[in-house]
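For reference, the structure is listed below as structure tokens.
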Amino acid sequence: MGHLLSHPIEDKNVDYKAYTRLSYCIGSMQGYRMNMEDAHDAKINEDETIAVFGVFDGHGGQQCAEYLSHHLTKHIFKKLIHLQEASQSNQIKKNVIGNRSIIKILKDSFFKMDNDLSNSQSYVNCGSTSVVAAIIDNKIFVANTGDSRCILSTSEGNAKTLSFDQKPSIIGERVRIENSNGYVINNRVNEILALSRAVGDFKFKTPYLTSTLNKYILDNITEKYKKGQKELREKEKEQSNKDNNNNNNNNKDIPNSNCNDAFSSLQISDHEYIHIPPELFQVTVEPEILIFDMNQLPTPEFIVIACDGIWDCFKNNQLIQLIRDKLVLGWKLNKIVEYVLNDSLTMANNYTGIGLDNMTLIIVALHPSKSLEDWYSDMIYKIEKEKGLH
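Numbered continuously in UniProt numbering, the sequence shown closes out at residue 390.
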């Protein structure tokens, strides 16, 4: 985690915006860290049919996270607006915009950001998580790279997971890491990085493999090896037939049938390598994208998007319950966000590292058919009814 301050910086940046169909509050705090490496962004179109929220947790410097906050959500937002306009011009209803097109926009945008960063020396030694939630009409698309997280509060305060943390210890991630010449020790890629996916971190993104011990290379030369062994046996058989017809074979060169020598002749030289796609890098930027239809969910209430500085302190259900407990008291989103940041700070523990990180969270209130004030009132009544007070 690096050096820490003796006392936390408790100044908070809070952005509270109310709209017709949804409203949000973003809060961030530096805490005990020497620098603020978190960043965030939010974009909403005029008729509120498209909203994009992003949280970016940087490491090794704030540059990557800052870049993403200025460019990724903006790029995705513009692409989604263009897609919507194109569908309308073709007289296609807005809610018929294909999932595949949106998934492609999200995935391509993540890869574009990573490629853009790779072309500048300023971003060589830093990296960042990236969790983006795009709300398009009645659907939620969540694209996640890293261990920032997005969850949803549904009826009776149940927490629905909208993204999954990507850690090196997860079997699917570990297989990719090891197949790309990496290894996992102490839940870190090559004993260094505690993430299996990230923007930046280019030291873990070598686009080629050269080790003959690597699975991909061994698979690649297996057919060469089998073909070489077959040719070798055919030469031996041919030579044996010649020997039977000629007793004087002292000057004959009989091919060596030693398998090790044959395999050795097929070893890939230092100048040969196999290119691998970015999706298979030890640490890939490829986002995991999940789609949720709010019409199919039990009464969506609000979305929470946050960095691991928050999730280290709260389990999903705990944070949902805390927010609802404050809503029933009549608290507004901005007051709740500040409380969560302060509460996280009180959990500071030098042994576990909990409560010592930068902290950023976004709460998005979902009220498509009512005003924000009506949403507050309805949440109070609903929670009180759940508690048997009505």
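We put the CB at the ideal spot given by N, CA and C, even for glycine.
Around the CB of Leu329, fewer than 16 other CB atoms lie within 10 Å, so the residue is classed as exposed. Per the coordinates, the alpha-carbon of Val340 lies some 23 Å from the alpha-carbon of Glu66. The segment 39-46 makes contact with the segment 69-81: 3 or more CB pairs, one atom from each, lie closer than 8 Å. By the CB criterion at 8 Å, Ser180 and Leu280 fall inside the cutoff. Asn144 sits in a strand when the DSSP states are folded into three classes. In the DSSP assignment, Lys335 falls within the alpha helix (DSSP H) that extends over 333-346. Look at Asp312 here: in three-state DSSP terms it is coil, with no helix or strand label.
The beta carbon of Leu333 is closer than 8 Å to those of Tyr16, Ser23, Tyr24, Cys25, Ile363, Ala365 in its chain, skipping five residues each way along the sequence. Fewer than three Cβ pairs drawn from the segment 283-294 and the segment 338-358 lie within less than 8 Å of each other, which leaves the two stretches out of contact. In the three-state DSSP reduction, Glu10 falls in the strand class (E or B). Here Gly172 carries a helix assignment [DSSP, helix/strand/coil].
The residue among Ala133, Ser130, Ser155 with its C-alpha nearest the C-alpha of Asn317 is Ser155.
The secondary-structure analysis by DSSP pairs His275 across a beta bridge with Tyr208. In the DSSP assignment, Val52 is bridged to Lys43, Ala134.
In terms of CA proximity to Ala306, Ser148 leads the group Ser148, Ser101, Ala143.
Contact between Val131 and Gly54 holds: CB atoms are separated by about 7 Å, below the 8 Å threshold.
Rounded to whole angstroms, the separation of the alpha carbons of Val175 and Arg197 is 13 Å. For Ile323, same chain residues with a beta-carbon under 8 Å away, outside a window of 5 residues either side, are Ser153, Phe302, Val304, Ile336, Val340, Ile363 in chain order. When secondary structure is reduced to three states using DSSP, Ala198 falls in the coil class, being assigned neither helix nor strand. Here Ile171 is exposed: its Cβ has fewer than 16 other Cβ atoms, across all protein chains shown, within 10 Å. Around the beta-carbon of Asp165, 16 or more other beta-carbon atoms lie within 10 Å, marking it buried. The alpha carbon of Ile310 has as its nearest neighbour, out of Asp11, Gly27, Thr20, the alpha carbon of Gly27.
The shortest C-alpha to C-alpha distance from Leu193 to any of Lys107, Glu173, Ser122, Gln63 is the one to Glu173.
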